[in-house]
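Numbering (mature numbering (1 follows the signal peptide of the UniProt record, and there is no 0)), first residue to last: -21 to -1, 1 to 272.
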């Protein structure tokens, strides 16, 4: 919910930013959505990769897989496929409780519809609008000026001068909100990976402190090393790196979720047990792989 509020704040900031722009042709704006050879000219492709990496962050793939789990369990509990989580049936440890629950196929199908809907809304409304607003603002106020090589600090000054005194402040506020949102998403994703893959059993507050420190320390080091002049280049470079890493991160996820071998062979007994919400660990991947791939 907090991340949603931050994203909504970014949207509001850019709505105000767009309202301050004057003498802009709507036709020229919509023409920018059409494919053009300009994408491969100069550093257009580099900037496009940066936009992609900033929008579809690789760690958000892991975060999406993690935050859907409570919804799966809630569905199974509601339909009698799983027992509610209580202290009495989890006395051994939290990790033991996680080991004995697997979502039913009906829960996966149910939650998949909502996940697709939420993802579509996020990409084709908020993400599309924010990225479009950034490009429209930059094109309307900075194109044809000496701002081609302007950094974040220079863009703030140019927006304040070319659009309105408040435009630079609104841009800075939107940048702050988006940075906080991205940092929270990255930190929570790292926390989920550490809990699942590393099976950390330390106190929750200490685990959060460690994962968030790991998340922000490289940023502080890079910002201190490159200085004010290289901060924009480092930011763009990190976004391009995220974009380039997408195939290498998404391909293994697709491959392993579609495998029908490696976790045992499925049979009718496993399919029947799955319907009752008690699948056997050895055959779960097989069953899901056969159903979806």
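Yeah, the Cβ is synthetic: ideal placement off N, Cα and C, and Gly gets one too. Please read these numbers as outputs of a predicted model, since none were measured by experiment.
Identity of the residue in 142, 158, 135 and 159 nearest residue 273 by Cα: The requested residue 273 is not part of the displayed model; the chain covers only -21 to 272.
Separation of residue 20 from residue 95, as counted between CA atoms: Working through the chain shown from its first residue, we reach residue 95 at position 116. Working through the chain shown from its first residue, we reach residue 20 at position 41. In a straight line, the C-alpha of residue 95 is about 34 Å away from that of residue 20.
Do residue 223 and residue 28 come within 8 Å of each other at the CB atom, strictly closer than that value? Here residue 28 is taken as the residue at index 49 of the chain shown, counted from 1. Here residue 223 is taken as the residue at index 244 of the chain shown, counted from 1. It is a contact, given that the beta carbons lie within the stated cut-off.
In whole angstroms, what is the alpha-carbon distance linking residue -9 and residue 43? As a first step, residue -9 is located in the chain shown; it is residue number 13 there, counting from the start. As a first step, residue 43 is located in the chain shown; it is residue number 64 there, counting from the start. Rounded to whole angstroms, residue -9 to residue 43 spans 26 Å at the Cα level.
Look up residue 47 in the DSSP assignment and say whether it is helix, strand or coil. Stepping through the chain shown from its first residue, residue 47 is reached at position 68. Residue state, collapsed to three classes: coil.
Would residue 113 and residue -1 qualify as a contact pair, given that the criterion is a beta-carbon distance under 8 Å? Within the chain shown, residue 113 is the residue found at index 134, counting from 1. Within the chain shown, residue -1 is the residue found at index 21, counting from 1. Their beta carbons are not under 8 Å apart, which means residue 113 does not touch residue -1 by this criterion.
Give the single residue among 181, 132, 106 and 238 whose Cα lies nearest to the Cα of residue -18. The count along the chain shown starts at 1 and reaches residue -18 at position 4. Residue 106 is the option with its Cα nearest to residue -18.
Whose CA, out of 39, 220, 231 and 166, lies closest to the CA of residue 102? Residue mapping note: residue 102 aligns to position 123 of the chain shown, counting from 1. Cα-wise, what sits closest to residue 102 is 39.
For a test of the three-state rule: what should DSSP assign to residue 186, helix, strand or coil? Indexing the chain shown from 1 puts residue 186 at position 207. Helix.
Pop quiz: residue 90 and residue 41 are said to be a contact at Cβ under 8 Å. What is the actual Cβ separation, rounded to whole angstroms? Position 111 of the chain shown holds residue 90. Position 62 of the chain shown holds residue 41. Their Cβ separation, rounded to whole angstroms, is 16 Å, which puts residue 90 and residue 41 out of contact at 8 Å.
Quick one: Cα of residue 182 to Cα of residue 9, how far? Residue numbering aside, residue 182 sits at position 203 when the chain shown is read from its first letter. Residue numbering aside, residue 9 sits at position 30 when the chain shown is read from its first letter. Going from the Cα of residue 182 to the Cα of residue 9 covers about 52 Å.
Where do the N-terminal and C-terminal ends of the alpha helix (DSSP H) with residue 114 fall, by residue? Taking the first residue of the chain shown as position 1, residue 114 is located at position 135. Segment 107 to 121, the alpha helix (DSSP H) holding residue 114.
By Cβ distance, which residues of its chain are closer than 6 Å to residue 201, with the 5 residues on each side in sequence left out? Residue numbering aside, residue 201 sits at position 222 when the chain shown is read from its first letter. 213.
Extent of the continuous alpha helix (DSSP H) to which residue 174 belongs: As a working mapping, residue 174 is identified with position 195 in the chain shown. Element bounds for residue 174: 144 to 175.
Per-residue burial, residue 168 [other beta carbons within 10 Å of its own, 16 or more giving buried]: Working through the chain shown from its first residue, we reach residue 168 at position 189. Buried is the call here.
With DSSP collapsed to three states, give me the class of residue -14. Working through the chain shown from its first residue, we reach residue -14 at position 8. If DSSP states are grouped into helix, strand and coil, residue -14 belongs with the helices.
Using only CA atoms, which one of 116, 160, 16 and 14 lies nearest to residue 150? Taking the first residue of the chain shown as position 1, residue 150 is located at position 171. The candidate whose alpha carbon is nearest that of residue 150 is 116.
If you check the beta carbons only, do residue 37 and residue 228 fall under 8 Å apart? By one-based count along the chain shown, residue 37 stands at place 58. By one-based count along the chain shown, residue 228 stands at place 249. Yes, the Cβ-Cβ distance between residue 37 and residue 228 is below 8 Å.
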